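Chains as they are written, first to last, in my numbering: chain A, 33 to 145; chain B, 323 to 435. Beta carbons: idealized from backbone N, C-alpha and C, even for Gly. Note that the structure is a prediction, hence the values are computed from the model and not measured. Take a look at the structure below.
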């Protein structure tokens, strides 16, 4: 079974632009969560989607948003990029909501110049 | 809220040395505990997990035991290899906060030949 896939793997943007990252969960998995990883803050939870609805949200500004499609694929969007948004963005999937184990993708490395 | 504390790193060992990485946690509810490993430029790989007190998770020679009385989940390996060099993250999920993993800060392990 294929793992979690994320596209693109690398992205370079400039301040003020917006960006969309994509995540395809493991086949059959219906819950998708997003995390931001930076050297200073470590791994921080952004949000979780299940059945096309955001179910849980971390402490990030409204510039960070996401959505989930009927096939469980998810996208996250960051608007008005800031230098501090440079990070590795990780997507994780689990079979159902409340399943304890999350499986992570390789991440998208976003650099904001 | 939930939190995970890992021993401060980095850790440098010689090949075939014994490894311990300490992890303690604070959680509401009944958490499941995990160790993830991250190799340079990659996402998180699930190394092992334990879902209830006194459970032992094991994989690839690594072990960790869920100790409820000491709220700990220390990672051990009897004989490390150069290929074990990576960053190790302790994490938890609990049923009161579905879709969200809480991570420690990570411990960088370097194994020298």
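Please compile the residues from chain B whose C-beta is within a distance smaller than 7 Å of the C-beta of residue 138 of chain A.
364, 365
Excluding sequence positions up to five away, which residues of its chain have a Cβ less than 8 Å from the Cβ of residue 417 of chain B?
351, 352
Could you name the residues that DSSP lists as bridge partners for residue 69 of chain A?
In the DSSP output, where bridge partners are listed per residue, residue 69 of chain A has A:75, A:120.
Identify, in the order they occur along the chain, each residue of the same chain with its Cβ nearer than 7 Å to the Cβ of residue 361 of chain B, setting aside the five sequence neighbours on each side.
408
Compile a chain-ordered list of the residues in the stretch 95-120 of chain A whose CB is closer than 9 Å to at least one CB of chain B.
120
Three or more beta-carbon pairs under 8 Å between the stretch 323-338 of chain B and the stretch 106-114 of chain A, yes or no?
Using a C-beta cut-off of 8 Å, the stretch 323-338 of chain B makes no contact with the stretch 106-114 of chain A, since fewer than three inter-stretch Cβ pairs fall below that distance.
Mind listing, in chain order, the continuous beta strand (DSSP E) runs of no fewer than 3 residues lying wholly within the stretch 334-372 of chain B?
341-343, 345-348, 354-360, 366-372
Under the rule that 16 or more other beta-carbon atoms within 10 Å means buried, what is residue 425 of chain B, buried or exposed?
buried
Got a sec: is the Cβ-Cβ distance from residue 122 of chain A to anything in chain B below 8 Å?
By this cut-off, residue 122 of chain A is an interface position.
Helix, strand or coil, according to DSSP, for residue 54 of chain A in the structure here?
strand
Would residue 38 of chain A and residue 53 of chain A be called neighbours here (beta carbons separated by less than 8 Å)?
yes
By a C-beta neighbour count over all protein chains shown, 10 Å radius and 16 as the cutoff for buried, is residue 383 of chain B buried or exposed?
Under the 10 Å beta carbon count, residue 383 of chain B is surrounded by fewer than 16 other beta carbons and is classified as exposed.
Between residue 98 of chain A and residue 81 of chain A, how many whole angstroms is the CB-CB distance? I'm expecting something under 8 Å.
6 Å
Taking C-beta to C-beta, are residue 104 of chain A and residue 62 of chain A nearer than 8 Å?
yes
Give the straight-line distance between the Cα atoms of residue 348 of chain B and residue 394 of chain B, rounded to the nearest whole angstrom.
9 Å
For chain A, find out if any of its Cβ atoms is closer than 8 Å to the Cβ of residue 420 of chain B; answer yes or no.
yes
By Cβ distance, which residues of its chain are closer than 6 Å to residue 390 of chain B, with the 5 residues on each side in sequence left out?
375
Less than 7 Å between the CB of residue 37 of chain A and some heavy atom of the ligand GDP, yes or no?
Ligands in the displayed structure: none, and consequently the ligand GDP is not present.
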